[in-house]
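J.: After the structure tokens below, expect a handful of questions from me.
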Amino acid sequence: MGHVTQERAIFSSGLAELLRSLHCRGTRPPDLTGPDVDHHLERRPRVPRRPRRAVTASTTAASALVVIPAFGSPELTDAVVHDLVRDGSDLDPALRIVVVDNAGDYVLPEGNIEVHRPGRNLRWIGAANWALKTASRDGQAVCVVLNNDIRLSPGFLDGLLAPFSTADDIALAAACYDDFWLHQRASAIPGTAAEYVPRDVLRNVDFCDGTAIAFAVPPVVELGSLDEVTFFRHGYGADIDLAIRVRTAGLRCVVTEGAYVSHLRRQTMNRTGQSSEGNRAEILDGLDAKWGEGWRADVGLGPDSFPAHNTGSGASWYLTPPAW
1 MGHVTQERAI FSSGLAELLR SLHCRGTRPP DLTGPDVDHH LERRPRVPRR
51 PRRAVTASTT AASALVVIPA FGSPELTDAV VHDLVRDGSD LDPALRIVVV
101 DNAGDYVLPE GNIEVHRPGR NLRWIGAANW ALKTASRDGQ AVCVVLNNDI
151 RLSPGFLDGL LAPFSTADDI ALAAACYDDF WLHQRASAIP GTAAEYVPRD
201 VLRNVDFCDG TAIAFAVPPV VELGSLDEVT FFRHGYGADI DLAIRVRTAG
251 LRCVVTEGAY VSHLRRQTMN RTGQSSEGNR AEILDGLDAK WGEGWRADVG
301 LGPDSFPAHN TGSGASWYLT PPAW
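In case it helps, the UniProt record's numbering puts the sequence shown at residues 1 to 324.
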């Protein structure tokens, strides 16, 4: 883990500059395989649109790569793109936003956003690893991966990236949300993501759900990124596995209440023929094989978590139900 420690200082310095450039915008945080990206990226030509808030150019090479894996359901991807364009994130020179079009038929509706067509379905885990590899190659300090079946709170990227400026030992940061995991649920669930009021609250957690997650690129790449060999179907369980490795290395996982997503749930699963029981099997088979029976306790979960047919309340899955 020597490289992880050595790179923290470089990462922390770069992130400080990145966050300063983001704050200048006038808001506050309230398969690794595939064709070469440079030959398979498309930008939608700029067209006149309503003026948006000015973006101050970054004074450093530090930047963040934001990736939206998508497979069909273009209306879902369009909504995420709209939320990012609403915030002016696509015009910020410190941010590069890419839709990974696994189906190969997505047409970008708006924004200064790239489309990468790998020519096959990389799945969530493959798209995330492509993003980590690309960000590492290009010297980007943070990589953000967003499901396409979510909606984003205003100023979302500012809030999600902010934790990395507070400490040099944060490897994973996730937005709070309205979904199953209680340690990641917002303190108050708004009617829509657009109504969310950010709070300056940072939670140390045992793992982060991959629905809307940010990776500190140097240490995560050093730790091997996401395990596509063990979690070879879609990637369910790979986020927990990475969190175990991150915390074993002495790094932190956090959830920020400065950013929020509403999750439509099961939209991608329904379109790609996944089943809840198949996803459960991928999680349990993979984590049992890598970590033995003790992995649940390692991430604060009880022996009755992940029962067949997804029975039981969320609180019943934890050793100690979280309270915020």
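We put the beta carbon where it would ideally sit given N, CA and C, even for glycine.
Predicted model, so just to flag it, every value in this text is computed and none were measured.
Using only alpha-carbon positions, find the residue among P69, T230, A131, R120 that is nearest to W291.
T.: In the sequence shown, the residue the question calls residue 291 occupies position 291. If we check each option's Cα against that of W291, T230 comes out closest.
J.: Within 10 Å of its beta-carbon, does A308 have 16 or more other beta-carbons around it, so buried, or fewer, so exposed?
T.: By 1-based counting over the sequence shown, the position of residue 308 is 308. Result: exposed.
J.: Around the C-beta of G278, are 16 or more other C-beta atoms found within 10 angstroms, so that it is buried, or is it exposed?
T.: As a working note, residue 278 is residue 278 in the sequence shown. So G278 counts as exposed.
J.: Applying the criterion that 16 or more other CB atoms from any shown protein chain within 10 Å of the CB defines a buried residue, is E222 buried or exposed?
T.: Position 222 of the sequence shown, counting from 1, holds the residue named residue 222. Burial call: buried.
J.: Based on the DSSP secondary-structure assignment, which residues constitute the bridge partners of D101?
T.: Working through the sequence shown from its first residue, we reach residue 101 at position 101. In the DSSP output, where bridge partners are listed per residue, D101 has A70.
J.: So if DSSP puts N204 in a beta bridge, which residue, or which two residues, is it bridged to?
T.: Numbered from its first residue, the sequence shown carries residue 204 at position 204. According to DSSP, N204 bridges with V254.
J.: Would the stretch 144-155 and the stretch 247-255 be scored as touching if the rule is three or more Cβ pairs under 8 Å?
T.: No contact exists between the stretch 144-155 and the stretch 247-255.
J.: Looking at C-beta atoms only, is the number of pairs between the stretch 204-217 and the stretch 238-246 that lie closer than 8 Å three or more?
T.: Judged by Cβ distances under 8 Å, the stretch 204-217 makes contact with the stretch 238-246, as three or more pairs qualify.
J.: Using 8 Å as the threshold, is the C-beta distance between T77 and A162 below it?
T.: One-based indexing of the sequence shown puts residue 77 at position 77. One-based indexing of the sequence shown puts residue 162 at position 162. No, the Cβ-Cβ distance between T77 and A162 is not below 8 Å.
J.: Ignoring anything shorter than 3 residues or poking outside the stretch 101-177, list the beta strand (DSSP E) runs there in chain order.
T.: For the stretch 101-177, whole beta strand (DSSP E) runs of length 3 or above, ordered along the chain, are 114-116, 142-146, 150-152, 170-177.
J.: Under 8 Å between the Cβ atoms of Y196 and Y106?
T.: To locate residue 196, count along the sequence shown from 1; it is residue 196. To locate residue 106, count along the sequence shown from 1; it is residue 106. Going by C-beta atoms, Y196 is not nearer than 8 Å to Y106.
J.: Evaluate E75 with the Cβ neighbour count: other Cβ atoms within 10 Å of its Cβ, from every protein chain shown; 16 or more gives buried, anything less gives exposed.
T.: If you number the sequence shown from 1, residue 75 lands on position 75. Under this definition E75 is an exposed residue.
J.: Rounded to the nearest angstrom, what separates V80 and A70 at their Cα positions?
T.: For the purposes of this step, residue 80 is identified with residue 80 of the sequence shown, where counting begins at 1. For the purposes of this step, residue 70 is identified with residue 70 of the sequence shown, where counting begins at 1. For V80 and A70, the distance between alpha carbons rounds to 11 Å.
J.: Just the C-alpha distance for R185 and L132, rounded to the nearest angstrom, thanks.
T.: For the purposes of this step, residue 185 is taken as residue 185 along the sequence shown, with counting starting at 1. For the purposes of this step, residue 132 is taken as residue 132 along the sequence shown, with counting starting at 1. Their backbone Cα atoms lie some 26 Å apart in a straight line.
J.: R25: buried (16+ other C-beta within 10 angstroms of its C-beta) or exposed?
T.: On the sequence shown, residue 25 is found 25 positions in, with the first residue counted as 1. Confidence at R25 is low in this model, with a pLDDT of 44, below 50, so its placement is unreliable and no value can be given for it.
J.: Can you check whether the C-beta of D83 is within less than 8 Å of a C-beta belonging to chain B?
T.: Protein chains in the displayed structure number just one, and chain B is not present.
J.: Is it buried or exposed, D276, if we count other Cβ atoms within 10 angstroms and call 16 or more buried?
T.: Walking along the sequence shown from the start, residue 276 turns up at place 276. It should be pointed out that residue 276 corresponds to Ser in this sequence rather than to Asp. Exposed.
J.: Three Cβ pairs or more, each shorter than 8 Å: is that satisfied between the stretch 210-217 and the stretch 129-148?
T.: Judged by Cβ distances under 8 Å, the stretch 210-217 makes contact with the stretch 129-148, as three or more pairs qualify.
J.: Using a 10 Å radius around the Cβ and a threshold of 16 neighbouring Cβ atoms, would you call N310 buried or exposed?
T.: Position 310 of the sequence shown, counting from 1, holds the residue named residue 310. Burial call: exposed.
J.: Between E114, G258, L287, R96, which lies nearest to A243 when the distance is taken from Cα to Cα?
T.: If you number the sequence shown from 1, residue 243 lands on position 243. Selected option, being the one with the closest Cα: L287.
J.: What did DSSP end up calling H234 once you bin it into helix, strand or coil?
T.: The count along the sequence shown starts at 1 and reaches residue 234 at position 234. H234: coil per DSSP, three-state reduction.
J.: Which of the three DSSP states is assigned to G34 in this structure?
T.: Looking up residue 34 in the sequence shown gives position 34. Because the pLDDT at G34 is just 37, under 50, the model does not fix this residue reliably, and the value given afterwards should be weighed accordingly. Coil at G34, not helix or strand.
J.: Rounded to whole angstroms, what's the CA-CA distance from I68 to D304? Just pull it up for me.
T.: Position 68 of the sequence shown, counted from the start, is the residue given in the question as residue 68. Position 304 of the sequence shown, counted from the start, is the residue given in the question as residue 304. Approximately 33 Å, taken between the alpha carbons.
J.: Roughly how many angstroms lie between the CA atoms of A216 and S63, to the nearest whole one?
T.: For the purposes of this step, residue 216 is taken as the residue at position 216 of the sequence shown. For the purposes of this step, residue 63 is taken as the residue at position 63 of the sequence shown. Near 11 Å, if we compare the C-alpha coordinates of S63 and A216.
J.: Can you name, in chain order, every residue of its own chain whose Cβ lies under 8 Å from the Cβ of D169, other than the five neighbours on each side?
T.: Position 169 of the sequence shown, counted from the start, is the residue given in the question as residue 169. R8, G250, L251, R252.
J.: Whose C-beta lies closer than 7 Å to the C-beta of V201 among residues of the same chain, with five residues either side of it excluded?
T.: As a position in the sequence shown, residue 201 is number 201, starting the count at 1. Cβ neighbours of V201 beyond the five flanking positions: E257.
J.: By DSSP's criteria, Y196 is part of a beta bridge. Which residues make up the other side?
T.: Position 196 of the sequence shown, counted from the first residue, corresponds to residue 196. For Y196, which the question treats as bridged, DSSP gives no partner whatsoever.
J.: Rounded to whole angstroms, what is the Cα-Cα separation between G119 and T320?
T.: Counting from 1 along the sequence shown, the entry for residue 119 is found at position 119. Counting from 1 along the sequence shown, the entry for residue 320 is found at position 320. Each residue's Cα considered, the two are about 44 Å apart.
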